[in-house]
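A.B. asks:
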Amino acid sequence: NAGVTQTPKFRVLKTGQSMTLLCAQDMNHEYMYWYRQDPGMGLRLIHYSVGEGTTAKGEVPDGYNVSRLKKQNFLLGLESAAPSQTSVYFCASRAGASTGELFFGEGSRLTVL
Amino acid sequence: GQQLNQSPQSMFIQEGEDVSMNCTSSSIFNTWLWYKQDPGEGPVLLIALYKAGELTSNGRLTAQFGITRKDSFLNISASIPSDVGIYFCAGQLGGGATNKLIFGTGTLLAVQP
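Protein chains in written order, with this note's numbering: chain A, 1 to 113; chain B, 114 to 226.
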């Protein structure tokens, strides 16, 4: 079972470049999330979506945009990458609001030079 | 915003020892969750707690939902090398359509054979 799949797994960018991280889930989950993980700071929510066509800001949304055109996909975009966006990014999904279990992808490591 | 204080930050123990870690919050949560992250992987749910005072076990793991609803504890008995990883607590505020999870900063566990 694929679960939650993130692409790419690794990426190196120069400051100012743009890129998109793709998250795909095959569990028919309504809710999808993008987190970033930094040393000593745990997982911080960037943006999330409660259904196809909807998105909302999380804890640290600045510098990122998202889109949920299809239920199974949640895209995270960086329009103009900055070194502060060097991090490991995790996508997660869950069936609905009442269940706390998030299913995570394997992560995407992004380095901005 | 809400913060979760997780301690200790790291633990270095011998195989066979018991482990305890905890998470405290300034806010009341309706759900507490404990996740484990293996190196290079995304977090995986270990235990979910839904009621104040609840004590739940999963093999050698035991977690408790604090009576005040502001804290939670995770114990690992008779640790083994595969217990190595980062353990995260997460609290869910409940209410509203999103029920976002707030993650702790993580406890890094190293087990020496």
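Every residue gets a Cβ at the ideal spot worked out from N, C-alpha and C, and that includes glycine.
1. For a contact meaning CB atoms closer than 7 Å, what does residue 222 of chain B contact in chain A?
2. Which residues in chain A have a C-beta closer than 8 Å to the C-beta of residue 218 of chain B? List them in chain order.
3. Please classify residue 46 of chain A as buried or exposed, where buried requires at least 16 neighbouring CB atoms within 10 angstroms.
4. Is any beta-carbon of chain B found at less than 8 Å from that of residue 76 of chain A?
5. For residue 85 of chain A, which of helix, strand or coil comes out of DSSP?
6. To be precise: take each residue of the region 8-40 of chain A, compare its Cβ to all Cβ atoms of chain B, and keep it if any distance is under 7 Å. Which residues remain?
7. Whose CA, out of B/141, B/129, B/121, lies closest to the CA of residue 224 of chain B?
8. Do the CB positions of residue 80 of chain A and residue 9 of chain A come within less than 8 Å of each other?
9. Going by C-alpha distance, which of A/38, A/73, A/111 is nearest residue 54 of chain A?
10. Near residue 77 of chain A, what residues of its chain come up, given a Cβ to Cβ distance below 6 Å and the 5 sequence neighbours on each side ignored?
11. Run through chain B and tell me which residues come within less than 7 Å of residue 45 of chain A, C-beta to C-beta.
12. Determine the burial state of residue 160 of chain B: buried for a count of at least 16 other Cβ atoms within 10 Å of its Cβ, exposed for fewer.
13. Ordered along the chain, which non-local residues of its own chain (more than five positions away) have a Cβ less than 6 Å from that of residue 210 of chain B?
14. Could you compute how far the alpha carbon of residue 82 of chain A sits from the alpha carbon of residue 164 of chain B?
15. If the criterion is Cβ atoms closer than 8 Å, does the pair residue 218 of chain B and residue 124 of chain B meet it?
16. Quick one: is residue 128 of chain B near chain A, going by C-beta distance under 8 Å?
17. Which runs of the beta strand (DSSP E) fall wholly inside the region 28-61 of chain A and span at least 3 residues, in chain order?
18. What are the boundary residues of the beta strand (DSSP E) that includes residue 24 of chain A?
19. With a Cβ-Cβ cutoff of 8 Å, do residue 113 of chain A and residue 12 of chain A count as a contact?
20. Which residues of the region 146-159 of chain B have a Cβ closer than 9 Å to any Cβ of chain A? Give them in chain order.
21. State yes or no: is the beta carbon of residue 125 of chain B nearer than 8 Å to at least one beta carbon in chain A?
22. Looking at chain B, is there any beta carbon in it that lies within less than 8 Å of the beta carbon of residue 61 of chain A?
C.D. replies: For this structure:
1. Position 109 of the second sequence, counted from the first residue, corresponds to residue 222 of chain B. Per Cβ cutoff of 7 Å: no residues; residue 222 of chain B is ~15 Å from chain A at best.
2. Along the second sequence, one-based indexing puts residue 218 of chain B at 105. Residues of chain A whose Cβ lies closer than 8 Å to the Cβ of residue 218 of chain B are, in chain order, 40, 41, 42.
3. By 1-based counting over the first sequence, the position of residue 46 of chain A is 46. Classification for residue 46 of chain A: buried.
4. On the first sequence, position 76 is the one that residue 76 of chain A refers to. Output row for residue 76 of chain A: interface = no.
5. On the first sequence, position 85 is the one that residue 85 of chain A refers to. If DSSP states are grouped into helix, strand and coil, residue 85 of chain A belongs with the helices.
6. So the list reads 40, given in the order they occur along the chain.
7. Mapped onto the second sequence, residue 224 of chain B falls at position 111. The shortest C-alpha separation from residue 224 of chain B is found at B/129.
8. Counting from 1 along the first sequence, the entry for residue 80 of chain A is found at position 80. Counting from 1 along the first sequence, the entry for residue 9 of chain A is found at position 9. In terms of Cβ geometry, residue 80 of chain A and residue 9 of chain A do not form a close pair [threshold 8 Å].
9. In the first sequence, counting from the first residue as 1, residue 54 of chain A sits at position 54. Residue A/73 holds the alpha-carbon nearest to the alpha-carbon of residue 54 of chain A among A/38, A/73, A/111.
10. Walking along the first sequence from the start, residue 77 of chain A turns up at place 77. So the list reads 20, 65, once near-sequence residues are dropped.
11. Taking the first residue of the first sequence as 1, we reach residue 45 of chain A at position 45. Taking a Cβ-Cβ threshold of 7 Å, the residues of chain B close to residue 45 of chain A are 213, in chain order.
12. Indexing the second sequence from 1 puts residue 160 of chain B at position 47. With 16 or more other Cβ atoms within 10 Å, it is buried.
13. Sequence index remark: in the second sequence, residue 210 of chain B carries index 97 (1-based). The predicted model places residue 210 of chain B with a pLDDT of 49, which falls under 50 and marks its position as unreliable; any figure quoted below should be read in that light. Taken in chain order, the list of residues that qualify is empty.
14. One-based indexing of the first sequence puts residue 82 of chain A at position 82. One-based indexing of the second sequence puts residue 164 of chain B at position 51. Each residue's alpha carbon lies about 42 Å from the other.
15. As a working mapping, residue 218 of chain B is identified with position 105 in the second sequence. As a working mapping, residue 124 of chain B is identified with position 11 in the second sequence. For the pair residue 218 of chain B and residue 124 of chain B, the CB atoms are not nearer than the 8 Å cut-off.
16. Counting from one through the second sequence, the residue named residue 128 of chain B turns up at place 15. Residue-level contact check: residue 128 of chain B does not touch chain A, since none of the beta carbons of chain A fall below 8 Å from its beta carbon.
17. The region 28-61 of chain A contains these whole beta strand (DSSP E) runs: 31-38, 42-49.
18. Taking the first sequence and counting its residues from 1, the one referred to as residue 24 of chain A is at position 24. Residues 19-25.
19. On the first sequence, residue 113 of chain A is found 113 positions in, with the first residue counted as 1. On the first sequence, residue 12 of chain A is found 12 positions in, with the first residue counted as 1. For the pair residue 113 of chain A and residue 12 of chain A, the CB atoms are nearer than the 8 Å cut-off.
20. Per Cβ criterion, the list reads 146, 148, 150, 153, 154, 155, 156, 157, 158.
21. Taking the second sequence and counting its residues from 1, one reaches residue 125 of chain B at position 12. No, its Cβ sits nowhere closer than 8 Å to a Cβ of chain A.
22. For the purposes of this step, residue 61 of chain A is taken as the residue at position 61 of the first sequence. No - not a single Cβ of chain B is within 8 Å of the one on residue 61 of chain A.
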